[in-house]
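**Q**
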Amino acid sequence: MVVLEIIDLHVSIGDKEILKGVNLKTNPGEVHAIMGPNGSGKSTLAYTLLAHPKYQVTKGDILLDGESILGLTADQRAKKGLFLAFQYPTEVSGVGFSHFLRTAYNSLSKAMDGDDREVFITVREFQKYLKENIAKVGLREEFLSRYLNEGFSGGEKKRAEVLQMAVLKPKISILDEPDSGLDIDAVQSVAQAISKVSTKDATVIIITHYARILNFLDKLDYVHVFAEGKVLQTGDASLAQKLEAEGYEWALEKTA
Ligand code: ADP
Ligand code: MG
């Protein structure tokens, strides 16, 4: 059960300020969508939450349960329950997908206490656990014996990210455009997979450009309009439909 608070967050890449005062708060069990135009800083926010070294926080704070995580590295943040599904997952040749998942799972198991994660002793037990989860995301078992993302199609890479989420059971998942590059059927099945693997006390933050994926979620509590490096407006699920119908200009004008 983790509360995330992003307070007046300013982030630069080199001398260029990308995030210009982001404010956002999430509670356990909530599903949030962050919608915004391309180039507005959505991925910058996602990477910054997971401590990507390219992004410098120049002002503001990121709190988990009231404590700043700015001094923590990516792996320390993961151990606190943060997870990022990449917009463009990287192919890692030579690293087996199931080996990768087991290594990640085990390193988090030592850290995340007080939750419902099992400790798997044997490879066989873990394989059984993977097989239960891979079915939920609609990938075939053969993917587990391939190298991480190598030769996966766009949709398969996105499902592989959701499988990581299912397996690692993060407290707060940030999914950066899980719908980008997918056809309509794949968007629906990825959305369903996200809903299926979301646990009831966890928080899910979906970053997207289009309302389409949001329509297929079981639940959506808040929609944030993100533009020009900050959250301009927050509403309920109906805000997504309004953005889809009327574009972002309307939201930008209203706050300008
Ligand atoms: P979004 O995910 O909303 O499309 P990004 O966070 O990827 O937006 O990018 C926000 C802005 O930061 C864009 O103007 C982009 O060109 C710029 N940007 C991203 N990465 C870099 C970089 N490595 N160097 C300079 N500018 C960058
Ligand atoms: Mg992006």
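Take the working numbering: the last position of the sequence shown gets the number 257, and nothing is skipped along the way.
Where is the CB? At the ideal position from N, CA and C, for every residue including glycine.
Here the structure is a predicted model, which is why all the values come from computation and not from measurement.
Let me know the beta strand (DSSP E) ranges lying completely inside the segment 40–88, each 3 residues or longer, listed in chain order.
**A** If we require 3 residues or more, the beta strand (DSSP E) runs fully inside the segment 40–88 come out as 57–65, 83–86.
**Q** Collect the residues with a C-beta less than 5 Å away from any heavy atom of the ligand ADP and give them in sequence order along the chain.
**A** Per the Cβ criterion, the list is ILE14, ILE19, ASN39, GLY40, SER41, GLY42, LYS43, SER44, THR45.
**Q** Would the beta-carbon of ASP177 be found less than 7 Å away from any heavy atom of the ligand MG?
**A** In the sequence shown, residue 177 corresponds to position 176, counting from 1. Result yes, Cβ under 7 Å from the ligand MG.
**Q** Check whether the Cβ atoms of ASN28 and ASP9 sit closer than 8 Å, and answer yes or no.
**A** In the sequence shown, the residue the question calls residue 28 occupies position 27. In the sequence shown, the residue the question calls residue 9 occupies position 8. It is not a contact, given that the beta carbons lie outside the stated cut-off.
**Q** Expressed to the nearest angstrom, what Euclidean distance is found between the alpha-carbon atoms of MET2 and THR204?
**A** Start at 1 with the first residue of the sequence shown, and residue 2 comes out as number 1. Start at 1 with the first residue of the sequence shown, and residue 204 comes out as number 203. If I take the Cα positions, the gap works out to 9 Å.
**Q** At what residues does the alpha helix (DSSP H) containing LEU188 begin and finish?
**A** As a first step, residue 188 must be located in the sequence shown, where it is residue number 187. For clarity, residue 188 is Val in the given sequence; the question names Leu instead. Start and end: 185–198.
**Q** Pick out whichever of LEU221, VAL120, VAL191, GLY230 has its Cα sitting closest to the Cα of SER13.
**A** Position 12 of the sequence shown, counted from the start, is the residue given in the question as residue 13. SER13 has its Cα closest to that of GLY230, out of LEU221, VAL120, VAL191, GLY230.
**Q** Look up LYS137 in the DSSP assignment and say whether it is helix, strand or coil.
**A** Here residue 137 corresponds to residue number 136 of the sequence shown, with the count starting at 1. Residue state, collapsed to three classes: helix.
**Q** Within the continuous alpha helix (DSSP H) that includes THR104, where are the two ends?
**A** One-based indexing of the sequence shown puts residue 104 at position 103. 98–110 is the span of the alpha helix (DSSP H), which, as asked, contains THR104.
**Q** Looking only at DSSP bridge pairs, what is VAL12 linked to?
**A** For this step, residue 12 is matched to residue 11 along the sequence shown. Beta-bridge pairing links VAL12 to LEU20, VAL58.
**Q** Figure out for me which residue from ASP222, ALA194, LEU73, LEU221 has the closest Cα to the Cα of GLU162.
**A** Sequence index remark: in the sequence shown, residue 162 carries index 161 (1-based). The shortest C-alpha separation from GLU162 is found at ALA194.
**Q** Determine the closest residue to GLY236 out of GLU245, TYR249, ASP222, ALA228, with distance taken between C-alpha atoms.
**A** Here residue 236 is taken as the residue at index 235 of the sequence shown, counted from 1. It is ASP222.
**Q** What's the call for VAL120, buried or exposed, on a 16-neighbour Cβ count within 10 Å?
**A** For this step, residue 120 is matched to residue 119 along the sequence shown. So VAL120 counts as exposed.
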